[in-house]
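Chemist: Residue numbers (my numbering): 168 to 575.
Built from N, CA and C at the ideal position, the CB exists for glycine as well.
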Amino acid sequence: MGLLEKFVTEESIFTKERDALRSSYLPERLLHRDEQLDRIAGILSSAVRGAAPSNVIFYGKTGTGKTASARFMQKEMLSTTTPVPVKYIYINCEITDTPYGVMQNICSSVLEGSKQTPPPSSGLSIEKLYEILVGFLKENRHILIVVLDEVDRLVEKNGNDILYPLSRINEDLVKGSSVSLIAIANDLHFTERLDARVLSSFSGERILFPPYTSTELKNILRDRAKLAFKEGAVSEGIISLCATLGAQEHGDARRVLDLLRVAGEIADRSGEKIIREEHVYKAKQTIESDCISEAIRTLPHQSKIVMLAILLRCCGTLQTTTGELYATYKALCNHTGLTPLTQRRVTDLITDLEGLGLIQTNVRSMGRGGRTRFMHACIPFEDALSVIEEDDLFKNLKIRKLFQAKLF
DNA sequence: CCTCCACCGGAACTTACGGAGT
DNA sequence: ACTCCGTAAGTTCCGGTGGAGG
Numbered sequence: 168m169g170l171l172e173k174f175v176t177e178e179s180i181f182t183k184e185r186d187a188l189r190s191s192y193l194p195e196r197l198l199h200r201d202e203q204l205d206r207i208a209g210i211l212s213s214a215v216r217g218a219a220p221s222n223v224i225f226y227g228k229t230g231t232g233k234t235a236s237a238r239f240m241q242k243e244m245l246s247t248t249t250p251v252p253v254k255y256i257y258i259n260c261e262i263t264d265t266p267y268g269v270m271q272n273i274c275s276s277v278l279e280g281s282k283q284t285p286p287p288s289s290g291l292s293i294e295k296l297y298e299i300l301v302g303f304l305k306e307n308r309h310i311l312i313v314v315l316d317e318v319d320r321l322v323e324k325n326g327n328d329i330l331y332p333l334s335r336i337n338e339d340l341v342k343g344s345s346v347s348l349i350a351i352a353n354d355l356h357f358t359e360r361l362d363a364r365v366l367s368s369f370s371g372e373r374i375l376f377p378p379y380t381s382t383e384l385k386n387i388l389r390d391r392a393k394l395a396f397k398e399g400a401v402s403e404g405i406i407s408l409c410a411t412l413g414a415q416e417h418g419d420a421r422r423v424l425d426l427l428r429v430a431g432e433i434a435d436r437s438g439e440k441i442i443r444e445e446h447v448y449k450a451k452q453t454i455e456s457d458c459i460s461e462a463i464r465t466l467p468h469q470s471k472i473v474m475l476a477i478l479l480r481c482c483g484t485l486q487t488t489t490g491e492l493y494a495t496y497k498a499l500c501n502h503t504g505l506t507p508l509t510q511r512r513v514t515d516l517i518t519d520l521e522g523l524g525l526i527q528t529n530v531r532s533m534g535r536g537g538r539t540r541f542m543h544a545c546i547p548f549e550d551a552l553s554v555i556e557e558d559d560l561f562k563n564l565k566i567r568k569l570f571q572a573k574l575f
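This is the structure in structure tokens:
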């Protein structure tokens, strides 16, 4: 029997619908989001009548159904006949995080199916792209609904550079064409960073997505489990365990679904017919350590060295300061042949590492001793070290020997 | 109350790069 | 061949800043 064959012949606990446990899966109906969907439908309904819907902000923490709701409305919208053609454009600003990228994305979607060639991925000015878009919308009546997911990222990086022109674009358009924005933000204080002029274009249309309660999470899990697993594979106890284990801090449906899916995969691989508690605990561990390894592995070289320096420094003393760290960092650069960055730049890398959850920092004043950032790694030393060692950059560097010899 | 340390962190500027248009 | 464009990464400059010690 071939290596893969046994996985085909062997009975799986999954049905063909195992994707129902992925956060990208769009169910027939979204549980516990009726109120939000009603309001969104109310706002977007003007598009169905051929008028411009107002701009709207969705806000709420991760895994509260914001993206799913936006996608859900997209499906609804596309299955409705409208007097004016409606284009629904989804942009994830985590991926497309530059003003040019957003503008190019919109233009390409709008020009899709027309004779005009879509604008290139670079080379033109943003004003040019704006002209292309306005020009097309003036000649062809269209209602555009642009979803900007993770918009916080875009605003954090570029301020109101792109949101401002987009929220004002209707002033340059003729009757019949319009552009409406759906901004999706994780940060509840997102609006504070917005320009007053941009904010006013959202005129109070804000929809809050509160965290799911544990009962709601269980309903969602049960709903999806029914699709993804064969009957009897998941007990009520497992549903409850996933709901509590996966959502300690807030009701994040994504994480809870991931947990059940991975637990299912673990059970499946060990050839069991039902998911047991130990599979869920194992899944939680797997997900966590995979996250950390992936975060470290994808770090750029310079950040890896900074991370390594923190690990080495913290191993003996539990925490370290920027000054100490920078000295170690420079020593490591010497050993690896990389040119060290300035301390200013390194502090930014430290901030990045904290953002990834790999380290924790806090600034503290020591009076005459100055003010500095104290930091410590919040991941297991050995795990992190072995991931870093995989990098070719450190092939010739005997990290462990250096560490023992205290060469930095 | 003032000083002064050792950094923090905002902002502007520089460099490098890939691509477009002419 | 040359200029212009946007973006990413990094540098330079510099005005803070919390609180122990004088």
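Considering only heavy atoms of the ligand GDP, does any lie closer than 6 Å to the CB of S190?
Modeler: For the ligand GDP, the structure offers nothing, since it holds no ligand at all.
Chemist: Relative to the alpha-carbon of T506, which residue among K497, S532, K385 and G404 has its alpha-carbon at the smallest distance?
Modeler: For T506, the nearest C-alpha among the options comes from K497.
Chemist: How would you call R216, buried or exposed, if buried means at least 16 neighbouring beta carbons within 10 angstroms?
Modeler: Result: exposed.
Chemist: Measuring alpha carbon to alpha carbon, tell me which residue in L426, Y226, M533 and V513 is nearest L375.
Modeler: Nearest of L426, Y226, M533 and V513 to L375, Cα basis: Y226.
Chemist: Please tell me whether A450 and I442 are closer than 7 Å, where the distance is taken between their beta carbons.
Modeler: No, the pair does not count as a contact, with Cβ atoms beyond the cut-off.
Chemist: Which complete alpha helix (DSSP H) runs does the segment 455-497 hold, if anything under 4 residues is left out?
Modeler: For the segment 455-497, whole alpha helix (DSSP H) runs of length 4 or above, ordered along the chain, are 468-484.
Chemist: According to DSSP, is T382 part of a helix, a strand, or is it coil?
Modeler: Three-state result, T382: helix.
Chemist: Does the separation of the CB atoms of S345 and A219 fall below 7 Å?
Modeler: Yes.
Chemist: Considering just the uninterrupted stretch of the alpha helix (DSSP H) at M270, what are its terminal residues?
Modeler: Its alpha helix (DSSP H) spans residues P266 to L278.
Chemist: Going by other Cβ atoms of all chains shown within 10 Å of its Cβ, with 16 needed for buried, is C260 buried or exposed?
Modeler: Buried.
Chemist: Could you spell out the range, first to last residue, of the beta strand (DSSP E) harbouring R216?
Modeler: Here R216 belongs to no beta strand (DSSP E), and DSSP marks it neither H nor E.
Chemist: Can you give the Cα-Cα distance for V314 and N353, rounded to whole angstroms?
Modeler: Computed Cα separation, rounded: 14 Å.
Chemist: My understanding is that V277 touches L321, with C-beta atoms under 8 Å, so please give their C-beta distance in whole angstroms.
Modeler: No, V277 and L321 are not in contact; Cβ-Cβ is about 19 Å, not under 8 Å.
Chemist: Short of 7 Å in beta carbon distance, which residues of its chain neighbour K233, apart from the five on each side in sequence? Order them along the chain.
Modeler: Correct list, in chain order: F225, G227, I351 and F376.
Chemist: At which residues does the beta strand (DSSP E) containing N529 begin and terminate?
Modeler: First-last of the beta strand (DSSP E) with N529: I526 to S532.
Chemist: Could you tell me if R535 is buried or exposed, where buried requires 16 or more neighbouring beta carbons within 10 angstroms of its beta carbon?
Modeler: When all chains shown are included, R535 counts as exposed.
Chemist: How about P266 and N325: do their beta carbons lie closer than 7 Å?
Modeler: In this structure, N325 lies closer than 7 Å to P266 by Cβ.
Chemist: Under 7 Å Cβ to Cβ from T514, same chain only, skipping five residues before and after it: list those, please.
Modeler: Here the set comprises T489.
Chemist: Which parts of the segment 285-366 are runs of the alpha helix (DSSP H), unbroken and 4 residues or longer, counting only runs that do not cross its ends?
Modeler: 293-306, 318-325 and 330-335, all fully within the segment 285-366.
Chemist: Secondary structure at L375, three-state DSSP: helix, strand or coil?
Modeler: In the structure shown, L375 sits in a strand (DSSP, three-state: E or B).
Chemist: In whole angstroms, what is the alpha-carbon distance linking T229 and K568?
Modeler: Cα-Cα distance, rounded: 42 Å.
Chemist: Rounding to the nearest angstrom, what Cα-Cα distance links E455 and Q486 in this structure?
Modeler: The straight-line gap from Cα to Cα measures roughly 23 Å.
Chemist: Would you give the residue range spanned by the alpha helix (DSSP H) that I405 belongs to?
Modeler: Per DSSP, I405 belongs to the alpha helix (DSSP H) from E403 to G413.
Chemist: Helix or strand or just coil, what does DSSP make of I210?
Modeler: DSSP places I210 in helix when its eight states are reduced to three.
Chemist: Please report the Cβ distance between R389 and I405, rounded to the nearest whole angstrom; I am assuming they are in contact, meaning their Cβ atoms lie under 8 Å.
Modeler: The pair is not a contact, with the Cβ atoms about 10 Å apart (cut-off 8 Å).
Chemist: In terms of DSSP beta bridges, what is K254 paired with?
Modeler: Per DSSP, L311.
Chemist: Within this structure, are the beta carbons of K440 and T182 separated by less than 7 Å?
Modeler: No; because the gap between Cβ atoms is not below 7 Å, this pair is not in contact.
Chemist: How is the beta strand (DSSP E) around I433 delimited, first residue to last?
Modeler: Element bounds for I433: not the beta strand (DSSP E) but the alpha helix (DSSP H), A420 to R436.
Chemist: If I follow the unbroken alpha helix (DSSP H) through F548, where does it start and stop?
Modeler: That run of the alpha helix (DSSP H) goes F548 to E556.
Chemist: Is it true that the CB of L384 sits closer than 7 Å to the CB of A414?
Modeler: Yes, they are a contact pair.
Chemist: Would the segment 359-368 and the segment 235-245 be scored as touching if the rule is three or more Cβ pairs under 8 Å?
Modeler: The segment 359-368, when compared against the segment 235-245, does not touch it at the 8 Å Cβ threshold.
Chemist: In angstroms with no decimal places, state the Cα-to-Cα distance between S191 and S179.
Modeler: Distance between the alpha carbons of S191 and S179 is about 22 Å.
Chemist: Roughly how many angstroms lie between the CA atoms of A187 and T249, to the nearest whole one?
Modeler: Cα to Cα, A187 sits roughly 31 Å from T249.
Chemist: In whole angstroms, give me the CA-to-CA distance for R238 and A400.
Modeler: Going from the Cα of R238 to the Cα of A400 covers about 30 Å.
Chemist: Keeping to the same chain, check which residues put their C-beta closer than 8 Å to that of L408; ignore five residues upstream and five downstream.
Modeler: Excluding sequence neighbours, L408 sits near E444 and V447.
Chemist: Measure the alpha-carbon distance for L211 versus L300 and round it to whole angstroms.
Modeler: Whole-angstrom Cα-Cα distance: 22 Å.
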